[in-house]
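The structure appears right after this line, and notes come after that.
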Amino acid sequence: MAGSSSYHRGMSSTAAPTTSAAAGGPSLPQERRLVTEVPGPRSRELFARKSAAVAAGVGVAVPIAVVAAGGGVVVDADGNSFVDLGSGIAVTSVGNAHPGVVAAVTEQVAAFTHTCFTIAAYDGYVAVAEALNRLTPGDHEKRTALFNSGAEAVENAVKIARKHTGRQAVVVFDHAYHGRTNLTMALTAKNQPYKDGFGPFAPEVYRVPMSYPFHDGLSGPEAAKRAISQIEKQVGAANTAAVLIEPIQGEGGFVVPAPGFLPALSEWTTANGVVFIADEVQTGFARTGAMFASEHEGIVPDVVTTAKGMAGGLPLSAVTGRAEIMDSAHVGGLGGTYGGNPVACAAALAAIGAFEHDGLVERAREIGDVVLQALRTAQSGDPRIGDVRGRGAMVAMELVDPATGDPDPGLTGRVVRHAYEHGVIALTAGTYGNVVRFLPPLAIDDDLLREGLDVVLEGLATA
Ligand SMILES: *Cc1c(COP(=O)(O)O)cnc(C)c1O
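Each residue of the sequence shown is one higher than the last, beginning at 9 in this note's numbering.
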């Protein structure tokens, strides 16, 4: 059954965890181990039930039933152990079931699970706000509001910018991804799968060209001039409430804008009374080798949205910004039943402690060096790897047809399929679906990381 995809490293298949060994965290054997084909029988059973019970629109990229995860591995119900190169989607950066997060959550869940912060307050919410005000770029006076998802944070950032400026237009970029709610669908660029048939979309959203060096060949200042000219001519600075941008695009394909693009946009917004919102939902919390990706170009956004990596896997998001902007929303204007849930806040405080004190920013840089080196070496012998880019533990390769330069989403799909069939979770991205992206947990060790990359690149070589 295990066949050619079977692989054992330093451990026999009989030692595969059973359900009783389902505890996650770094104590899980840090190894790639296949004891069945993928998906195995237990995973297939779950997917049969899923098809009958879960709405078809909720897709699953990797067909496995997870029972435990930790460090750099995810273990399925069949006893297979996968190298995790996705961290969910950049969420379990501190490591899945991180011991500090587990302890903080356990303590909080036993004390109280909910009050609704807008009914009765608690320490954890305020402590997370204080931490974000301290850690996000800039030493100006800041305020924070907490929510549940990245999309909800982005929606609230736009609400606040509109209230503050008295203007309505929101400028977003080609290839942008900001979520799946009605407003954030409008802010998101890509039709399939995010928007198709789900309109009408929210008005007063204007899309301008992104800086995408591999495709446009423009310098940062040139690309900024093109975008700003379009805003001025087609929207009007005086109508523009906010410019909203991911400092490195996530779902759009890990597009790193050319140097100078973000600073030029930031200067233009300041000069025109426009709120500059950095959507750091995917890039935040050490992921890119800085606490926030805005730091790489020294920009200080007026408002920052965060979520994914913040709370070690629990749902929590935030909007952090200049006090005078944030406080322009009236009392009662911001909130929600679950926003800043005490259990999620406890998890965030533990995770933020790990980001700050366990050297995870440096670790993200080291991971980036390993991944970039592996991909660049592969690129030198394979013209299908059109581009290798990224920062820290947020790195991608863009796959093209060498003859035409056209995107090759088919090849990309075969590569990630080969990866999971051989015990490695890797994700795709990109407007054209032709990007393989790497978002390993920062808790992964170098041997496992290299092994995971080897499997992905072997998939490319044989695809
Ligand atoms: C994932 C993501 C979102 C949406 O977050 P959800 O928690 O899925 O709503 C928004 N912006 C960016 C940059 C993201 O990567």
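Positions of the beta carbon are idealized from the N, C-alpha and C atoms, including for glycine.
Here the structure is a predicted model, which is why all the values come from computation and not from measurement.
Review point. Which partner residues does Ala76 have in the DSSP bridge list?
Key: Residue numbering aside, residue 76 sits at position 68 when the sequence shown is read from its first letter. Ala76 is bridged to Val83.
Review point. Taking DSSP as the reference, what is the three-state secondary structure of Asp224?
Key: Start at 1 with the first residue of the sequence shown, and residue 224 comes out as number 216. Asp224 falls in the helix class under three-state DSSP.
Check your understanding: Using a C-beta cutoff of 9 Å, does Val179 count as contacting chain C?
Key -> Among the protein chains of the structure shown there is no chain C, as only one such chain exists.
Review point. Mind checking Ala98: buried by the 16 CB within 10 Å criterion, or exposed?
Key: Along the sequence shown, one-based indexing puts residue 98 at 90. Its Cβ being crowded by 16 or more others within 10 Å, Ala98 is buried.
Exercise for review: Would you kindly work out how many angstroms separate the C-alpha atoms of His106 and Ala139, rounded to a whole number?
Suggested key: Counting from one through the sequence shown, the residue named residue 106 turns up at place 98. Counting from one through the sequence shown, the residue named residue 139 turns up at place 131. Near 19 Å, if we compare the C-alpha coordinates of Ala139 and His106.
Exercise for review: Pull up the DSSP beta-bridge partners for Met402, would you.
Suggested key: If you number the sequence shown from 1, residue 402 lands on position 394. Looking at the DSSP output, Met402 shares a beta bridge with Arg399.
Review point. Going by other Cβ atoms of all chains shown within 10 Å of its Cβ, with 16 needed for buried, is Pro391 buried or exposed?
Key: For the purposes of this step, residue 391 is taken as residue 383 along the sequence shown, with counting starting at 1. Around the beta-carbon of Pro391, fewer than 16 other beta-carbon atoms lie within 10 Å, marking it exposed.
Review point. If you draw a straight line from the C-alpha of Pro265 to the C-alpha of Pro221, how long is it?
Key: Numbered from 1 along the sequence shown, position 257 holds the residue referred to as residue 265. Numbered from 1 along the sequence shown, position 213 holds the residue referred to as residue 221. Near 7 Å, if we compare the C-alpha coordinates of Pro221 and Pro265.
Review point. Can Asp182 be considered in contact with ligand 1, in the sense that its beta carbon sits closer than 8 Å to one or more heavy atoms?
Key: As a position in the sequence shown, residue 182 is number 174, starting the count at 1. No, the Cβ of Asp182 stays beyond 8 Å of every heavy atom of ligand 1.
Exercise for review: Could you name the residues that DSSP lists as bridge partners for Ala153?
Suggested key: Here residue 153 refers to the residue found at position 145 of the sequence shown. BP columns for Ala153 point to Val327.
Point to revise | Cβ pair count under 8 Å reaching 3, the region 334–347 against the region 276–290 | key: Segments in contact, no.
Review point. Is any heavy atom in ligand 1 found nearer than 8 Å to the beta carbon of Lys198?
Key: If you number the sequence shown from 1, residue 198 lands on position 190. Short note on Lys198: C-beta not closer than 8 Å to any heavy atom of ligand 1.
Point to revise | Start and end residues, alpha helix (DSSP H) containing Leu342 | key: As a working mapping, residue 342 is identified with position 334 in the sequence shown. Leu342 -> no alpha helix (DSSP H), and no H or E assigned at all.
Check your understanding: Leaving out five residues before and five after Leu357 in sequence, what residues of the same chain have Cβ atoms less than 8 Å from its Cβ?
Key -> For this step, residue 357 is matched to residue 349 along the sequence shown. Ala112, Gly132, Ala135, Val136, Ala139, listed in sequence order.
**Study point:** Tyr133, enclosing alpha helix (DSSP H) - first and last residue
**Key:** Sequence index remark: in the sequence shown, residue 133 carries index 125 (1-based). From DSSP, the alpha helix (DSSP H) with Tyr133 extends over 131–143.
Review point. If you draw a straight line from the alpha carbon of Leu457 to that of Met402, how long is it in whole angstroms?
Key: Start at 1 with the first residue of the sequence shown, and residue 457 comes out as number 449. Start at 1 with the first residue of the sequence shown, and residue 402 comes out as number 394. Their Cα atoms are separated by approximately 13 Å.
Check your understanding: What beta strand (DSSP E) runs, 3 residues minimum, are completely inside the region 154–233?
Key -> If we require 3 residues or more, the beta strand (DSSP E) runs fully inside the region 154–233 come out as 177–181, 213–216.
Check your understanding: How would you call Glu259, buried or exposed, if buried means at least 16 neighbouring beta carbons within 10 angstroms?
Key -> Against the sequence shown, residue 259 aligns to sequence position 251. Buried, since its Cβ has 16 or more Cβ neighbours within 10 Å.
Exercise for review: Determine the contact status of Ile168 and Ala61, defining contact as a CB-CB distance below 9 Å.
Suggested key: Start at 1 with the first residue of the sequence shown, and residue 168 comes out as number 160. Start at 1 with the first residue of the sequence shown, and residue 61 comes out as number 53. No, Cβ-Cβ distance for Ile168 and Ala61 is not below 9 Å.
Check your understanding: For Pro417 versus Thr436, is the C-beta distance shorter than 9 Å?
Key -> In the sequence shown, the residue the question calls residue 417 occupies position 409. In the sequence shown, the residue the question calls residue 436 occupies position 428. With respect to Thr436, Pro417 sits close: the two C-beta atoms are nearer than 9 Å.
Review point. For Ala31, does the three-state DSSP call read helix, strand or coil?
Key: Taking the sequence shown and counting its residues from 1, one reaches residue 31 at position 23. In this structure, Ala31 counts as coil in the three-state DSSP scheme.
Point to revise | Which of helix, strand or coil DSSP assigns to Leu468 | key: Here residue 468 refers to the residue found at position 460 of the sequence shown. Note: Leu468 maps to helix in three-state DSSP.
Review point. With a cut-off of 8 Å, do at least 3 Cβ pairs link the region 141–154 to the region 230–242?
Key: Short answer: they don't touch.
Practice item. For Thr277, collect the residues of the same chain with a Cβ closer than 6 Å to its Cβ; drop the 5 residues on either side in sequence, then sort them by chain order. Key: As a working note, residue 277 is residue 269 in the sequence shown. Taking Thr277 as the centre and dropping the five residues before and after it, the same chain places the C-beta of Val251, Phe284 closer than 6 Å to its C-beta, in chain order.
**Study point:** Beta carbon of Phe209 nearer than 9 Å to that of Ala197
**Key:** Your numbering for residue 209 matches position 201 in the sequence shown. Your numbering for residue 197 matches position 189 in the sequence shown. No. Outside cutoff.
Point to revise | Val74 versus Val351: straight-line alpha-carbon distance, rounded | key: Taking the first residue of the sequence shown as position 1, residue 74 is located at position 66. Taking the first residue of the sequence shown as position 1, residue 351 is located at position 343. If I take the Cα positions, the gap works out to 22 Å.
Check your understanding: Which residues does DSSP pair with Pro415 in a beta bridge?
Key -> By one-based count along the sequence shown, residue 415 stands at place 407. BP columns for Pro415 point to Val408.
Check your understanding: Can you give the Cα-Cα distance for Gly367 and Asp454, rounded to whole angstroms?
Key -> Taking the first residue of the sequence shown as 1, we reach residue 367 at position 359. Taking the first residue of the sequence shown as 1, we reach residue 454 at position 446. Near 15 Å, if we compare the C-alpha coordinates of Asp454 and Gly367.
Review point. Leu461 bridges to which residues according to DSSP?
Key: Walking along the sequence shown from the start, residue 461 turns up at place 453. Partner(s): none; Leu461 has no beta bridge.
Practice item. Find out if the Cβ-Cβ distance for the pair Ser35, Pro449 is shorter than 9 Å. Key: Locating residue 35 in the sequence shown gives position 27, counting from the first residue. Locating residue 449 in the sequence shown gives position 441, counting from the first residue. Inclusion of Ser35 and Pro449 in the CB contact set at 9 Å is not warranted, their separation being larger than that value.
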